Every structure is written in structure tokens, then in C-alpha cells.
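Novice: What the sequence shown shows, in the working numbering, is residues 107 to 495, in sequence order.
Idealized CB from N, CA, C, for every residue including glycine.
Model, not experiment: these values are computed from the prediction.
Got a structure for you, written out below as C-alpha cells; questions coming shortly.
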Amino acid sequence: MGDSAPDVGGNAPRKKSPRWWRWGWPLLLLGLAAAIPLLVWLGWSAISSSSDGTEVGAPVDPSVPGYRAFVEPTPTLLLIHAEGDHLFGVTLLALTDPGVEGGVLFIPPEMMASDGLLSERWVESGSAGIADSIAELLGVRTNETQAVADDGWAAMVAATAPVIVDNPDVLVTIPGEIGFDSGMLSLAAVDVGPYLGWRNPGESPLTAMSRQLLFWDAWLAQVAESTAPDVIPGEVDRGMGRFGRELAAGQVFMSTIVGQVDDNGAVVLNSAQTAKLVNEIIPFPISATGENLPRIRLLNGSGDFDLTQIAARVLSRAGAQITVVGNADEFGWETTKVAYHDTGFAPHAETYRDALGTGSVIAEEQPNASIDITVTFGADFSQLMAGGG
Numbered sequence: 107m108g109d110s111a112p113d114v115g116g117n118a119p120r121k122k123s124p125r126w127w128r129w130g131w132p133l134l135l136l137g138l139a140a141a142i143p144l145l146v147w148l149g150w151s152a153i154s155s156s157s158d159g160t161e162v163g164a165p166v167d168p169s170v171p172g173y174r175a176f177v178e179p180t181p182t183l184l185l186i187h188a189e190g191d192h193l194f195g196v197t198l199l200a201l202t203d204p205g206v207e208g209g210v211l212f213i214p215p216e217m218m219a220s221d222g223l224l225s226e227r228w229v230e231s232g233s234a235g236i237a238d239s240i241a242e243l244l245g246v247r248t249n250e251t252q253a254v255a256d257d258g259w260a261a262m263v264a265a266t267a268p269v270i271v272d273n274p275d276v277l278v279t280i281p282g283e284i285g286f287d288s289g290m291l292s293l294a295a296v297d298v299g300p301y302l303g304w305r306n307p308g309e310s311p312l313t314a315m316s317r318q319l320l321f322w323d324a325w326l327a328q329v330a331e332s333t334a335p336d337v338i339p340g341e342v343d344r345g346m347g348r349f350g351r352e353l354a355a356g357q358v359f360m361s362t363i364v365g366q367v368d369d370n371g372a373v374v375l376n377s378a379q380t381a382k383l384v385n386e387i388i389p390f391p392i393s394a395t396g397e398n399l400p401r402i403r404l405l406n407g408s409g410d411f412d413l414t415q416i417a418a419r420v421l422s423r424a425g426a427q428i429t430v431v432g433n434a435d436e437f438g439w440e441t442t443k444v445a446y447h448d449t450g451f452a453p454h455a456e457t458y459r460d461a462l463g464t465g466s467v468i469a470e471e472q473p474n475a476s477i478d479i480t481v482t483f484g485a486d487f488s489q490l491m492a493g494g495g
């Protein structure tokens, strides 16, 4: 017989499914059902290894045992001062503890990176090139980058100008004319950019950076005292609008970059000393190095919550890359324990124990592949800190 004719309702009769589909569809459903546990496990693993929020399944109250949270990177800003093709300086700002403590690191345009001076990188690649070179030099990458010219500096200080600075040196032009005298200066807003970018003939780049440090110290003090609602223009949650305000509100550690000036006037970085500075002001960095650093979980086993941040800073100064902080499954630990979960990281564990000044180092299996070393501090660390150790 031929094909069936349409029925009176105008609907074509349903054709029989092919034989492979009648057998294949149930098998496909069975396969999907079997895959559900795998999909759930993969989703759980992805969330558990994410870089923000609390650990899945952990308590959300930071005062209870078992609490765990993924560490947010220390907020950092790379401020680039330049006019056209002329780079005047690079300043690294870090909110070590936002609103409480921060750091400022001054880097000259004469700093030598692997691909040339920073001043050359500015001409070749602008802000992106500077950010890449700083990441290479310091081993950390900043959250934000902001470039300002002289008029940008004038706008930033307008609400607090004049800025009163105790200038240590007479600043002269090549013909010998005085640009800025030594002693107490009252810098108008339009003078700030030229002052920060000034170079005396034959002057060491590090000396020029020391003047920038003096300016920042004076300016942030005036920002702290100001009642102007727009004391630093811009958004209050990013850029200099945020960083300037928060640095002014707390204690600030300032330093010029550590290095030596070679015969050509370039600054060659002292990597070891600079690493100490960076570890001091950026306890939770965004690492820019290819070095295989262990991922650290820091747990409070003593119940003294003020010590978690102290322990984190101690470990940071020792070069630790802390990715998770929280509490042990129970408080009352007497002895600090540094447990490494991979024998390759045993030397790092010893370094961290030495930095803490107490505790024991042990090998311990760890089912969480995202953690290489677990540090749990106890009453011995609390007693050491109470004694000023």
C-alpha cells in the first residue's frame, strides 16, 4: 500500500520511530543519569577552587570553628606620572589594610627592566608596557593602573592646595636658574606636577624619588585634615579617588625602590631588598612570577582572632602566598603546626615555621589539591606575640 492519507482533522498520521532511535533514546537517558554524579562533582570542584567568597560547606561566621574564606588580593594601584613621551615617575600604592594601613613605593623612570628603561617602555608601549615591566621587576601585578599628566596632578591636589613641603634641595635648571628653592615651599596646584618631575643636572634618580616621598607625606597629611567632600576628585571606589583617601586615613609605609645607580645613570634593582618591601606592603599579592610557590591555608587554632592578620603578615614577609584564611575545626590548639601536603614544599614549610618563630613541621595528606601547605597557629604563637616576639 502507499502512504496513508491525511485524517479528517488535517493532521498527518505519526510515523513510527526508526529502530535505532527506539533503542538509542533509552540508552542516552541512562548515560545522562549515570553522568549526574560526575557533573555534580565537577561543579563542586569548580566552586570550591574559585578565588572569592567562602569555601563551599564552611560556616559563614568568621568567629566559629571551621570557618574558611578565600583571600581577596591586596588592593593595588600603579600611578604613572607622564607628560607626552616624558615619563616622570611610577608610584605603587597598596592598601595593606584598607583605611588602616597602606604602602607607597616610588620607582624612577630610570629603572632598568629586562627590555630597557621604564622611560623607554613608556614611549614604546604606554601604561600597558609599564605595568608589564613593574610586574616583572616586583613579581606582583597591580589591580589598577592610572596615568596622570601635570594637569592631572593639579586637579588631584586642588582641594588641598597649596601643599606645604619641606624641600631639601635647591632645584635649578641647566642654565642655573632656580626653579624651586630649598626650605618650606608652598606649592600651588599647578606647581605640583613640575615639582614631582624635576631633575637637577646630574642628580641621582633615587634622590629625586626621595623628594616625591616628602611630597606625598605632606600631601596625604593635608588630605587627612581636609573636610572637603571632593578632597580628591574621581570615583571613591577605585583609582586615586579611593587610594588617596584610604591611605590618608591610616598609617602609611613609604619607601623609594632599593637599587644602585650604574655608570649610565640607570637604576639596577636590588631584588632581595625590594622583595622584602613588596611583601611588607602587599600581604596578598597577585603573583606575576612563574615560580612554583606553594598555596597556603592559614587557620586560627587559638581562638585569638586578632592574631590571624598578624600571622598573615608574618608569613607574607617570608614570601608565603596565602590563598585561604579561617579557623581550625576546633580551637584550643597548644602548638602551631605547619603541614606540607607535597614533599616538594617541605623546605617552604620550614621557612614559614622559622618566620612564625614556633611550632612543628609535619608531612600530612591533603585531599584538597588546591592547598599545598596548611599553617595552623596555636597558643604558643599567641604567647610569642604577647611577649613581643
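Within 10 Å of its beta-carbon, does V196 have 16 or more other beta-carbons around it, so buried, or fewer, so exposed?
Specialist: buried
Novice: Extract the residue ranges of the beta strand (DSSP E) inside the segment 194–249, only unbroken runs of 3 or more that lie entirely within it.
Specialist: 207–213
Novice: Pull up the distance between the alpha-carbon of Y301 and that of L326, whole angstroms please.
Specialist: 16 Å
Novice: Under 9 Å, do T380 and F212 count as touching if we go by C-beta distance?
Specialist: No, the pair does not count as a contact, with Cβ atoms beyond the cut-off.
Novice: Would you mind working out which of T480, T449 and G232 sits nearest A434, comparing C-alpha positions?
Specialist: Cα-wise, what sits closest to A434 is T480.
Novice: Excluding the 5 residues preceding and the 5 following E440 in the sequence, name in chain order all residues of the same chain whose CB lies nearer than 7 Å to its CB.
Specialist: G484, A485 and D486
Novice: Should Q366 be labelled buried (16 or more other beta-carbon atoms within 10 Å of its own) or exposed?
Specialist: It is exposed - the Cβ of Q366 has fewer than 16 other Cβ atoms within 10 Å.
Novice: To the nearest whole angstrom, what separates the beta carbons of P181 and Y173, a pair I think is in contact under 8 Å?
Specialist: That pair is no contact at about 23 Å.
Novice: Beta-carbon within less than 8 Å of F451's beta-carbon, same chain only, minus the 5 sequence neighbours each way: which residues are those?
Specialist: P400, D478 and I479
Novice: Grouping DSSP H, G and I as helix and E and B as strand, with all else coil, what is L404?
Specialist: strand
Novice: Which residue or residues does DSSP assign as beta-bridge partners of L185?
Specialist: T197 and Q252
Novice: Under the three-state reduction of DSSP, which class applies to Q472: helix, strand or coil?
Specialist: coil
Novice: Just the C-alpha distance for S231 and S332, rounded to the nearest angstrom, thanks.
Specialist: When rounded, the distance between both Cα atoms is 37 Å.
Novice: Look at the alpha carbon of S157 and the alpha carbon of E178, and state the distance between them as a whole number of angstroms.
Specialist: Residue placement at S157 is flagged as unreliable, the pLDDT there being 37, under the threshold of 50; a coordinate-derived value is accordingly withheld.
Novice: Taking L183 and E242 to be in contact with their CB atoms under 8 Å, please state how far apart those CB atoms are, rounded to whole angstroms.
Specialist: About 18 Å; that fails the 8 Å criterion.
Novice: Can you tell me where the beta strand (DSSP E) holding R174 begins and where it ends?
Specialist: R174 to F176
Novice: V146: buried (16+ other C-beta within 10 angstroms of its C-beta) or exposed?
Specialist: Bear in mind that the predicted position of V146 carries a pLDDT of just 31, short of 50, making it unreliable; the figure below should be weighed with that in mind. The residue in question, V146, is exposed, as its Cβ has fewer than 16 Cβ neighbours within 10 Å.
Novice: Using CA atoms only, rank isn't needed, just tell me which of R317, I284, E341 and V298 is closest to T266.
Specialist: Minimum Cα distance to T266 is reached at V298.
Novice: In the DSSP assignment, find the unbroken alpha helix (DSSP H) run with G58 in it and report its ends.
Specialist: The requested residue 58 does not occur in the structure, where the chain is confined to residues 107 to 495.
Novice: I'd like to know whether the C-beta atoms of A253 and A295 end up nearer to each other than 9 Å.
Specialist: no
Novice: How far does the alpha helix (DSSP H) with D167 in it reach, from first residue to last?
Specialist: Note, D167: premise wrong, no alpha helix (DSSP H); not H, not E.
Novice: Can you tell me whether L490 is helix, strand or coil according to DSSP?
Specialist: helix
Novice: My output table needs one value for S316: the three-state DSSP class, helix, strand or coil.
Specialist: helix
Novice: Expressed to the nearest angstrom, what Euclidean distance is found between the alpha-carbon atoms of A219 and D368?
Specialist: Approximately 13 Å between the Cα atoms of the pair.
Novice: To the nearest angstrom, report how far apart V229 and D191 are at their CA atoms.
Specialist: The alpha-carbon atoms of V229 and D191 are separated by roughly 5 Å.
Novice: Assign I392 to buried or exposed, taking buried as 16 or more other Cβ atoms, counted over all protein chains shown, within 10 Å of its Cβ.
Specialist: Flag for I392 reads exposed.
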